[in-house]
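Asker:
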Amino acid sequence: MKFSFSLLFIFNVLLSLASGKPDHGLWDRYLGKYVSESGKVNYNSMKLEMDTLDAYLLQIRDKSPQADWSDDEKMAYFINAYNAYTIKFILSKYPVESVKDITFSGKDLWTFRMANIGGTNYTLNQLENDFLRKMGDPRIHFAINCGAVSCPKLYNHAYVADKLNTQLSQATKTFLSDESKNKITEKKIQISELFNWYAPDFALNGKTLIDFLNKYASVTILETAKVEYLPYDWALND
Numbered sequence: 003m004k005f006s007f008s009l010l011f012i013f014n015v016l017l018s019l020a021s022g023k024p025d026h027g028l029w030d031r032y033l034g035k036y037v038s039e040s041g042k043v044n045y046n047s048m049k050l051e052m053d054t055l056d057a058y059l060l061q062i063r064d065k066s067p068q069a070d071w072s073d074d075e076k077m078a079y080f081i082n083a084y085n086a087y088t089i090k091f092i093l094s095k096y097p098v099e100s101v102k103d104i105t106f107s108g109k110d111l112w113t114f115r116m117a118n119i120g121g122t123n124y125t126l127n128q129l130e131n132d133f134l135r136k137m138g139d140p141r142i143h144f145a146i147n148c149g150a151v152s153c154p155k156l157y158n159h160a161y162v163a164d165k166l167n168t169q170l171s172q173a174t175k176t177f178l179s180d181e182s183k184n185k186i187t188e189k190k191i192q193i194s195e196l197f198n199w200y201a202p203d204f205a206l207n208g209k210t211l212i213d214f215l216n217k218y219a220s221v222t223i224l225e226t227a228k229v230e231y232l233p234y235d236w237a238l239n240d
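Just so it is clear: in the sequence shown, position 94 is 96 by the numbering used here, and no numbers are missing.
1) Alpha carbon to alpha carbon, what distance is there between Leu-28 and Thr-54?
2) State the DSSP-derived secondary structure class of Tyr-32, mapped to helix, strand or coil.
3) Any chance you could list the alpha helix (DSSP H) runs of at least 4 consecutive residues sitting entirely within the region 150 to 225, in chain order?
4) In whole angstroms, what is the alpha-carbon distance linking Glu-225 and Ile-212?
5) Let me know the secondary structure DSSP gives Asn-239 once reduced to three states.
6) Compare the Cα-Cα distances from Leu-50 to each of Ser-38, Tyr-32, Asp-64 and report the closest residue.
7) Please report the Cβ distance between Tyr-84 and Leu-111, rounded to the nearest whole angstrom; I am assuming they are in contact, meaning their Cβ atoms lie under 8 Å.
8) Mind checking who Phe-106 pairs with in its DSSP beta bridge?
9) Apart from the five residues just before and just after Asn-171, which ones in its own chain have a Cβ nearer than 8 Å to its Cβ?
10) How big is the Cα-Cα spacing for Phe-91 and Lys-185?
11) Run the CB neighbour count on Ile-12, radius 10 Å, all protein chains shown included, and call it buried at 16 or more, exposed below.
12) Determine the burial state of Ala-86: buried for a count of at least 16 other Cβ atoms within 10 Å of its Cβ, exposed for fewer.
13) Using C-beta distances below 6 Å, list every residue in its chain close to Pro-151, excluding the 5 sequence neighbours before and after it, in chain order.
14) Alpha carbon to alpha carbon, what distance is there between Lys-209 and Arg-115?
15) Between the Cα of Asn-118 and the Cα atoms of Leu-60, Gln-68, Leu-215, which residue gives the shortest distance?
16) DSSP three-state label for Tyr-234, please.
17) Leaving out five residues before and five after Ile-81 in sequence, what residues of the same chain have Cβ atoms less than 8 Å from its Cβ?
18) Here's the rule I'm using: 16 or more other beta-carbon atoms within 10 Å means buried, otherwise exposed. How should Ala-69 be labelled?
Structure, rendered in structure tokens:
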């Protein structure tokens with residue numbers, strides 16, 4: 003069984019090299035083994051298979067988006083890259099109580115230049131703000147994960163272009179329905195600070211935050227609903 007998996011691993015890497023695009027299947031299998039349906043991450047076991055994560059990050063480095071890639075291929079790439087580098091950052095000093103406990107040269111998760119994209123090192127802030135947010139789809143905020151309890155859960159599959167719209171919608175609905183992170187009623191909503199931090203993203207093209215929420219929430223919210231933001235729990239999602 004181990005031998006067969008190794009052959010499959012090598013085949014997929016060679017196929018990826020031939021195609022010029024990263025093998026998101028590597029990341030998909032890694033997540034499937036170590037992330038639960040509820041988004042809990044088994045960092046202890048992940049550390050034992052760092053070679054798979056490192057192999058995937060090498061592909062992220064060497065197989066960066068090109069002009070002929072579709073928008074969905076680019077978006078899936080940057081979401082996966084953000085999440086994979088977050089895991090790499092946490093594993094570098096795990097065990098820790100919170101991602102905020104980790105720094106390198108005085109830089110935290112979002113400001114340390116660790117994400118190697120096509121030979122250039124970027125911060126996670128740059129991946130989010132300079133690439134993902136500029137694509138104009140606020141659902142990306144529910145797909146990227148920073149390793150904290152209050153973050154939208156880490157999906158235990160890779161994001162892929164041919165399923166991306168469905169995956170993003172499901173990630174948004176899942177986050178909104180999680181009452182530990184959002185409490186939504188018709189007349190009052192207590193929602194994640196994410197909606198406050200990235201307010202402009204949820205009010206595009208003349209729409210309001212309530213308009214956005216009503217597309218994905220199970221309750222129809224009144225435009226006059228009272229809005230409150232919940233405290234963010236930075237404890238690690240393990």
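C-beta: ideal position from N, C-alpha, C; glycine also. This one's a predicted model, so the numbers in the text were calculated from it and none came from an experiment.
Answerer: Per the coordinate set shown:
1) On the sequence shown, position 52 is the one that residue 54 refers to. On the sequence shown, position 26 is the one that residue 28 refers to. If you take the alpha carbons of Thr-54 and Leu-28, they lie about 7 Å apart.
2) Sequence index remark: in the sequence shown, residue 32 carries index 30 (1-based). In the three-state reduction of the DSSP assignment, Tyr-32 falls in the helix class, which pools H, G and I.
3) DSSP runs (the alpha helix (DSSP H)) wholly in the region 150 to 225: 166 to 179, 196 to 199, 211 to 218.
4) As a working note, residue 225 is residue 223 in the sequence shown. As a working note, residue 212 is residue 210 in the sequence shown. Their Cα atoms are separated by approximately 6 Å.
5) Taking the first residue of the sequence shown as position 1, residue 239 is located at position 237. Taken through DSSP and simplified to helix, strand or coil, Asn-239 comes out as coil.
6) Along the sequence shown, read from residue 1 onward, the residue named residue 50 stands at position 48. Per the Cα distances, Tyr-32.
7) As a working mapping, residue 84 is identified with position 82 in the sequence shown. As a working mapping, residue 111 is identified with position 109 in the sequence shown. Distance from Tyr-84 to Leu-111 at the Cβ level is roughly 10 Å; contact not present, criterion being Cβ atoms closer than 8 Å.
8) Your numbering for residue 106 matches position 104 in the sequence shown. Answer is Lys-109.
9) As a first step, residue 171 is located in the sequence shown; it is residue number 169 there, counting from the start. According to the sequence shown, residue 171 is Ser rather than Asn. Within its own chain, the residues whose Cβ lies closer than 8 Å to the Cβ of Ser-171, once the five positions on either side in sequence are excluded, are Arg-141, Tyr-218, listed in chain order.
10) The sequence position of residue 91 within the sequence shown is 89, counting from 1. The sequence position of residue 185 within the sequence shown is 183, counting from 1. One C-alpha to the other measures close to 31 Å.
11) Position 10 of the sequence shown, counted from the start, is the residue given in the question as residue 12. Confidence in Ile-12 is poor, its pLDDT being 47 and thus under 50, which makes the residue's placement unreliable; the coordinate value appears in the next sentence. Its Cβ having fewer than 16 others within 10 Å, Ile-12 is exposed.
12) Position 84 of the sequence shown, counted from the first residue, corresponds to residue 86. Its Cβ being crowded by 16 or more others within 10 Å, Ala-86 is buried.
13) Translated into positions along the sequence shown, residue 151 becomes position 149. The question names Pro, yet the displayed sequence has Val at residue 151. Closer than 6 Å at the Cβ level, and outside the excluded window around Val-151, lie Asp-235, Ala-237, Asn-239.
14) One-based indexing of the sequence shown puts residue 115 at position 113. One-based indexing of the sequence shown puts residue 209 at position 207. Arg-115 and Lys-209: Cα-Cα distance of roughly 35 Å.
15) Taking the first residue of the sequence shown as 1, we reach residue 118 at position 116. Closest by alpha carbon: Leu-60.
16) Locating residue 234 in the sequence shown gives position 232, where the first residue counts as 1. The DSSP-derived three-state label of Tyr-234 is coil.
17) Residue mapping note: residue 81 aligns to position 79 of the sequence shown, counting from 1. Only residues of its own chain outside the window of five on either side were considered, and among them Leu-134, Ile-142, Ala-145, Ile-146, Tyr-161 have a CB closer than 8 Å to the CB of Ile-81, listed in chain order.
18) Position 67 of the sequence shown, counted from the first residue, corresponds to residue 69. By the 10 Å Cβ count, Ala-69 comes out exposed.
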